[in-house]
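Colleague: Numbered according to the numbering used here, the sequence shown terminates at residue 461, and the numbering increases by one at each position without gaps.
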Amino acid sequence: MNRRDVLVSSGAMLGVSCLGGAGYAVATASPGQNLKIQTARYQFRENITEGLVSLSPDSAPPVLYGTQDEPLDLTVSNTLDEYTAMHWHGIRLPNEMDGVPYLTQVPIGGGDSFRYRFTPPDAGTYWYHPHCMTMTQMARGLTGVLVIREREDPGFDGDQAINLKDFRLSNDDALGKAYSLRKAARGGTLGNVMTANWQQAPVYDHPAGGVVRLRVANTDTTRIYRIWLTSADTRVIAWDGHPLLEPVGLPTEQVPMALGPGQRADFAVAMPSAEGRRVQLMAKSVKGPKIMAGLRAVGSGPKRDLNTLKSLPHNPVAEPNLTGAETHEFVFGWSPDGTAPDNGFCGNLGKNFWSINREAWPGDNAKGTGPLAQLKLGRSYVLRLRNESPNLHPIHLHGLTFKPIRSNKRKILANWTDTALLLKDEVIDVAVVADNPGDWAFHCHVIEHQKTGLSGYLRVE
Ligand code: C2O
Ligand code: CU
Ligand code: CU
């Protein structure tokens, strides 16, 4: 090993591991991790479903772990015979590690790989997914949770990540077409099998009486998951990765939490003290309330009071200074133009249905198009997100973390986020400090919208 290699590997105490359970001491010393994108098969229902995409031949993409302020080193290799690129959703990282084809990197061809190296400045619940062939590779399963641990153990007795995602399966469990153009022009195409970590109502054991950190990520291409927990002895502690600035009320069956595609919520759950008792994560479905996953108490112990929990340390996100801040408005609506440009190697639905500022944008291939806005490095801005359509749009910005400050429709919570869910005809103003230079993708996270016009980028320089 030369000196540089030694530095690289000793600097990479990164703790990427697939251990999903409790325990904090999983900092594996490793020179990095190889993530191999490959086809997979899996039994969701009666028959085996073939043609999935994952990081192993027969299971869901694993939870990846990193630690705040410690380097992550992830080599993504592509064994498919189509292109890909991996994006680390919600992580503030150097632009060239953002995984957006053409904008930040050349797409990864079959047999090729790309080494992603970045040091996450923020702890919390994030996720990863391809940003090339996004529609088909995500629909085939390639989405996973990325947990960035706090530098200091926040003191939970268990940690559980839940990846909520739909699949579209035929009656004999073959993968169906991920979308229809008719639905892409409206709310998007829903799956017919709702899963948690690719399973139907999986049950996870956690210490009776303990407090579990439940991390729920909606990685679906389309569905706004409406969720709640069956125990009131729980608390929302983080939103889209970041510890709360304003309290989020506990969702119930009557008033569930709307988690749009791309969004995450962390809960602190006080486990029942009696062995075998469960707390269930529920979601609305066409057939009524559906159990997505359960946390089951094992062993016995006195029930820990949620008030004994220390609050999560805040991430170092810069507070926007709104005095004199410029406002940029973005109008999301129908596309005036139904034809779609050639889209390079990253897939295309062949149509434009959606627009930003009345222009259709070219999805995963922004080459040759200008930015939607130019922001000066270090300045604060207000981004006005205006939905001129009856459909809901989870609007996502890469590379920067922002804060909603007002809505024309509702009282909005000023919690840090990377994805704002716009309701019908809603206008949300968000505040942001443009403190990360680069070209940052800015799009709707309903992937059918993203791929049919609703995807541009902002330039920070
Ligand atoms: Cu979650 Cu541009 O992505
Ligand atoms: Cu993203
Ligand atoms: Cu949309």
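Beta carbons: idealized from backbone N, C-alpha and C, even for Gly.
Give me the Cα-Cα distance between T143 and Q199, rounded to the nearest whole angstrom.
Modeller: C-alpha separation (whole angstroms): 14 Å.
Colleague: Is it true that the region 69-87 meets the region 204-219, where meeting means three or more beta-carbon pairs spaced less than 8 Å apart?
Modeller: Output reads no: the region 204-219 does not touch the region 69-87.
Colleague: Would you tell me roughly how many angstroms separate the C-alpha atoms of G174 and L295, rounded to the nearest one?
Modeller: Note that residue 174 corresponds to Ala in the displayed sequence, not to Gly. Approximately 30 Å, taken between the alpha carbons.
Colleague: Looking at L281: is its Cβ nearer than 8 Å to the Cβ of N218?
Modeller: No, they are not a contact pair.
Colleague: I need the boundaries of the beta strand (DSSP E) containing A448, first residue and last residue.
Modeller: A small correction: the amino acid at residue 448 is Glu; Ala does not occupy that position in the sequence shown. Premise fails: E448 lies in the alpha helix (DSSP H), I447 to Q450, not in any beta strand (DSSP E).
Colleague: Any idea what DSSP makes of R406, helix, strand or coil?
Modeller: It is a strand residue.
Colleague: Would you call the CB atoms of G241 and P394 closer than 8 Å?
Modeller: Their beta carbons are not under 8 Å apart, which means G241 does not touch P394 by this criterion.
Colleague: Hey, quick one: how far does the alpha helix (DSSP H) through R182 stretch, first residue to last?
Modeller: L181 to A184 is the span of the alpha helix (DSSP H), which, as asked, contains R182.
Colleague: Can you tell which of Y225, Y457, G188 and N95 has its C-alpha closest to the C-alpha of W361?
Modeller: Taking only the C-alpha atoms, the option nearest W361 is Y457.
Colleague: What I want to know is whether the C-beta of G333 ends up closer than 7 Å to one or more non-hydrogen atoms of ligand 1.
Modeller: For ligand 1, not one heavy atom lies less than 7 Å from the Cβ of G333.
Colleague: Residues in its own chain within less than 6 Å of L52 by CB, not counting five upstream and five downstream?
Modeller: Cβ neighbours of L52 beyond the five flanking positions: A40, Y42, R140 and G141.
Colleague: Within its chain, find whatever has a CB closer than 7 Å to the CB of N436; leave out the 5 residues flanking it on each side and keep chain order.
Modeller: So the qualifying residues of the chain are R92, G399, L400 and V460.
Colleague: Per DSSP, P289 is paired with what?
Modeller: DSSP lists K284 as partners of P289.
Colleague: What's the gap between the Cα of L501 and the Cα of I224?
Modeller: Outside the displayed span of the chain (1 to 461) sits residue 501, for which this structure offers no information.
Colleague: Quick test of your reading: A414 and E246, contact by CB under 8 Å. State the CB separation rounded to the nearest angstrom.
Modeller: Yes, A414 and E246 are in contact; Cβ-Cβ is about 6 Å, under 8 Å.
Colleague: To the nearest angstrom, how far is it from the Cα of P313 to the Cα of R226?
Modeller: Their backbone Cα atoms lie some 27 Å apart in a straight line.
Colleague: Taking 7 Å as the cut-off, does the CB of H396 come closer than this to any heavy atom belonging to ligand 2?
Modeller: The answer is yes for H396.
Colleague: Could you pull the start and end residues of the alpha helix (DSSP H) that E137 belongs to?
Modeller: Sequence check: residue 137 is Gln here, not Glu. T134 to A139 is the span of the alpha helix (DSSP H), which, as asked, contains Q137.
Colleague: Rounding to the nearest angstrom, what Cα-Cα distance links C444 and Q450 in this structure?
Modeller: Using only the alpha carbons, I get a separation of about 5 Å.
Colleague: Buried or exposed for I48, going by 16 or more other Cβ atoms inside 10 Å?
Modeller: The residue is exposed, with fewer than 16 neighbouring Cβ atoms inside 10 Å.
Colleague: Go ahead and pull the three-state DSSP assignment for N348.
Modeller: Three-state result, N348: coil.
Colleague: Beta carbon of A441: closer than 7 Å to some heavy atom of ligand 1?
Modeller: A441 Cβ: within cutoff of ligand 1.
Colleague: Count the other CB atoms within 10 Å of the CB of A232; is the residue buried (16 or more) or exposed (fewer)?
Modeller: Flag for A232 reads exposed.
Colleague: So Y126 and G99 are in contact, right, with Cβ under 8 Å, and what is the actual spacing, rounded?
Modeller: With 8 Å as the limit, Y126 and G99 do not qualify as a contact, their Cβ atoms being about 13 Å apart.
Colleague: How long is the line joining the alpha carbons of A274 and G301, rounded to whole angstroms?
Modeller: Going by the C-alpha atoms only, they are around 8 Å apart.
Colleague: Is the CB-CB distance between G187 and M271 below 8 Å?
Modeller: Not in contact: G187 and M271 (Cβ atoms no closer than 8 Å).
Colleague: Using only CA atoms, which one of M138, I162, Q137 and T136 lies nearest to V147?
Modeller: Out of M138, I162, Q137 and T136, I162 has the C-alpha closest to the C-alpha of V147.
Colleague: Need the endpoints of the beta strand (DSSP E) that P207 sits in, please.
Modeller: First-last of the beta strand (DSSP E) with P207: V203 to P207.
Colleague: Give the straight-line distance between the Cα atoms of E426 and R410, rounded to the nearest whole angstrom.
Modeller: So the alpha carbons of these two residues sit roughly 9 Å apart.
Colleague: Near A463, what residues of its chain come up, given a Cβ to Cβ distance below 6 Å and the 5 sequence neighbours on each side ignored?
Modeller: In the structure as shown, the chain starts at 1 and stops at 461, and residue 463 therefore has no counterpart that could be examined.
Colleague: Using a threshold of 8 Å, state whether the C-beta atoms of R384 and D429 are closer than that.
Modeller: In contact: R384 and D429 (Cβ atoms closer than 8 Å).
Colleague: Name the two residues that bound the continuous beta strand (DSSP E) containing Y381.
Modeller: Unbroken beta strand (DSSP E) run through Y381: S380 to N387.
Colleague: Does V279 pass the burial test, meaning 16 or more other C-beta atoms within 10 Å, or should it be called exposed?
Modeller: Its Cβ being crowded by 16 or more others within 10 Å, V279 is buried.
Colleague: Measuring straight from C-alpha to C-alpha, what distance separates F332 and E50?
Modeller: If you take the alpha carbons of F332 and E50, they lie about 37 Å apart.
Colleague: Indicate the three-state DSSP secondary structure (helix, strand or coil) for E96 in the structure shown.
Modeller: Helix.
Colleague: If distances are taken between C-alpha atoms only, which option among N192, D172 and N171 comes closest to Y179?
Modeller: It is N192.
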